[in-house]
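Take 0 as the starting number for the sequence shown in numbering that gives the first Met the number 0 and just add one per residue. Ideal Cβ positions, reconstructed from N, Cα and C, are used throughout, including at glycine.
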Amino acid sequence: MTRPDYDLALRPVGTAFTSTQFEFRFGVATRTVDDQWNRLRYVYGELPDSISVENGRRTIVYDSPKCIIKSTADSIDVQDDTVHHKGYMGIWSDDLHFTVASDGMVHLAAQDVEP
0 MTRPDYDLAL
10 RPVGTAFTST
20 QFEFRFGVAT
30 RTVDDQWNRL
40 RYVYGELPDS
50 ISVENGRRTI
60 VYDSPKCIIK
70 STADSIDVQD
80 DTVHHKGYMG
90 IWSDDLHFTV
100 ASDGMVHLAA
110 QDVEP
């Protein structure tokens, strides 16, 4: 495995946060990844377009598809119309919301089911 281009663990420098929300604002719709354990951290490609922290929640925004982000157990690659996760031979999805488990694996977010 090659070394990542960047590590998001300490970005932004000197700002404390307890959880992370990724927003991919391009393509068919904005896709979100809720990472409450801050497991997605290794960037292969370019840094995000913005990183902000409000009330202990870090928001990382990408405005174009320019990287793969990895945890120690999984990766996510967001393109204009699909999201690829679960590794090299993984899952291609057109879903919009994902979560990261404490073990670093990316999953579809639980959807509320209306009666």
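Alpha carbon to alpha carbon, what distance is there between residue j and residue i?
| i | j | result |
| --- | --- | --- |
| P47 | T29 | 15 Å |
| G89 | H83 | 7 Å |
| E53 | T14 | 10 Å |
| Y41 | D4 | 8 Å |
| S18 | R38 | 9 Å |
| S92 | D80 | 9 Å |
| P114 | D34 | Note on P114: pLDDT 41, under 50, position unreliable in the model; the coordinate value appears next. So the two alpha carbons sit approximately 28 Å from each other. |
| S70 | Q20 | 14 Å |
State the DSSP-derived secondary structure class of residue i, mapped to helix, strand or coil.
| i | result |
| --- | --- |
| L9 | helix |
| Q20 | strand |
| L46 | coil |
| D34 | strand |
| R56 | strand |
| V77 | strand |
| S92 | strand |
| L39 | coil |
| T29 | coil |
| T71 | coil |
Apply the 10 Å Cβ neighbour rule to residue i and answer buried if 16 or more other Cβ atoms are within range, or exposed otherwise.
| i | result |
| --- | --- |
| L9 | exposed |
| R2 | exposed |
| V12 | exposed |
| D6 | exposed |
| D73 | buried |
| V27 | exposed |
Within its chain, find whatever has a CB closer than 6 Å to the CB of residue i; leave out the 5 residues flanking it on each side and keep chain order.
| i | result |
| --- | --- |
| D94 | L107 |
Between residue i and the rest of its own chain, which residues show a CB-CB distance below 7 Å, the 5 nearest in sequence each way excluded?
| i | result |
| --- | --- |
| S101 | W36 |
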